[in-house]
Structures are given as structure tokens and as C-alpha cells.
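Chemist: Dumping the structure here so I can ask a few things about it.
Residue numbers (the numbering used here): 1 to 125.
Okay, structure coming up:
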């Protein structure tokens, strides 16, 4: 009977040993796979943070360039508008120096007032 129990015990121990070895090898494989995934995860996180930094710099650059563009556009509009205003009723005089138009001058207010008073119908009545 002892021999029989000893034989059964040995068989159970052998079967359990094989199962334990199989489970240990699976655990080892999973640990190796987990280590690889951890390394890959760290690499991807680093790439993500680098890309976010690049995106942040590009966004800042876009905002900065857009602000510059708006300022330049406003300056150009103000400059072109102020140089293109023509007041009707005021004669424009171009001064020609050495064959080139140099300065645009306008009549002074007193001359305009005298002209308006002189030519208006109230003055002639």
C-alpha cells in the first residue's frame, strides 16, 4: 500500500511539476511581453510630448504671424486711406520740381472761405 501511495504521490507530483513549469514559462513570456510594452509605451509618450511641444511652438508662431499680419494690414489700410482722401471743393495743387511731382499742397482754409463767400449766391444777392 505504501508503494501504491508513493507511486500515486510521485505521479501527482510529476503532473503538478509539469503544470507548474508550463505556468512559469507562460508567466515569464508575459513578463517579457510586458517589459517590451512598457518600453514601447515610454517611447510613445516621449514622442507624444515632443509632438505636443512642436505643436505648441507652431501654434504660438501662427498666432504671432497672424498678429503681425493684422498690424501690417491695419497700417497699410490707414496709410492708403489717409493718402487717398480727396475733399471735394478744395483744389489740389501739385508742385513740380525739376520735372517731377514733389509735394501735393492744398489751399489754406482762408482762401477756401473767401472763394466760397465770393461765389455763393448769398454773397451775390
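C-beta: ideal position from N, C-alpha, C; glycine also. Keep in mind it's a predicted model, so treat the numbers as computed, not measured.
Taking the straight line between their C-alpha atoms, what separation do you get for residue 61 and residue 41?
Modeler: Sequence index remark: in the chain shown, residue 61 carries index 61 (1-based). Sequence index remark: in the chain shown, residue 41 carries index 41 (1-based). Roughly 30 Å between the two C-alpha positions.
Chemist: Would you report the Cα separation of residue 45 and residue 15, rounded to the nearest angstrom?
Modeler: As a working mapping, residue 45 is identified with position 45 in the chain shown. As a working mapping, residue 15 is identified with position 15 in the chain shown. Going by the C-alpha atoms only, they are around 44 Å apart.
Chemist: Evaluate residue 103 with the Cβ neighbour count: other Cβ atoms within 10 Å of its Cβ, from every protein chain shown; 16 or more gives buried, anything less gives exposed.
Modeler: The residue you call residue 103 lines up with position 103 of the chain shown. Unreliable positioning characterises residue 103 in this predicted model, as indicated by a pLDDT of 48, which lies under 50. A coordinate reading is not provided.
Chemist: By how many angstroms is the C-alpha of residue 63 removed from the C-alpha of residue 33?
Modeler: What you label residue 33 is simply residue 33 of the chain shown in a count that begins at 1. What you label residue 63 is simply residue 63 of the chain shown in a count that begins at 1. Between residue 33 and residue 63, the C-alpha separation is close to 44 Å.
Chemist: What is the rounded straight-line gap between the Cα of residue 8 and the Cα of residue 2?
Modeler: Indexing the chain shown from 1 puts residue 8 at position 8. Indexing the chain shown from 1 puts residue 2 at position 2. Straight-line Cα distance between these residues: approximately 10 Å.
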